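For reference, the structure is listed below as structure tokens.
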Amino acid sequence: MAQMPEIIRELCDGCGLCVAVCSCKGLVLIDNVAVVIETVECDYCTQCEAVCPTGAIRCPYEIVVEES
């Protein structure tokens, strides 16, 4: 399974900034709370985490690029 951002519902204020920056269209607002669409392949760019003003989105996995 792909790594997905984690959303802390209690912190989400429904601003929609994460939805706007999601390049794979993997986030939507439902009842003014951001929700990850699990059927979409998240590219884990972490832009949603970067723009969230309340810290409601966390991308806790480290991306490691190995040189060959």
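Numbering follows UniProt numbering, in which position 12 of the sequence shown is assigned residue number 12; successive positions increment by one, without gaps. In this text, a Cβ means the ideal position worked out from N, Cα and C, and glycines have one as well. Note that this is a predicted model, so its numbers are computed, not measured.
Where residue i falls, given that 16 or more other Cβ within 10 Å makes a residue buried
i, result
"residue 55", "exposed"
"residue 57", "buried"
"residue 24", "exposed"
Residue i versus residue j: straight-line alpha-carbon distance, rounded
i, j, result
"residue 21", "residue 68", "31 Å"
"residue 46", "residue 28", "16 Å"
"residue 5", "residue 44", "7 Å"
"residue 3", "residue 31", "24 Å"
"residue 53", "residue 64", "26 Å"
Beta-carbon gap between residue i and residue j smaller than 8 Å
i, j, result
"residue 33", "residue 14", "yes"
"residue 12", "residue 26", "no"
"residue 66", "residue 59", "no"
"residue 40", "residue 7", "no"
Residue i, DSSP secondary structure in three states
i, result
"residue 6", "strand"
"residue 17", "helix"
"residue 65", "coil"
Beta-bridge partners of residue i, as assigned by DSSP
i, result
"residue 71", "The displayed coordinates of the chain run from 1 to 68. Any statement about residue 71 would go beyond what the structure contains."
"residue 35", "28"
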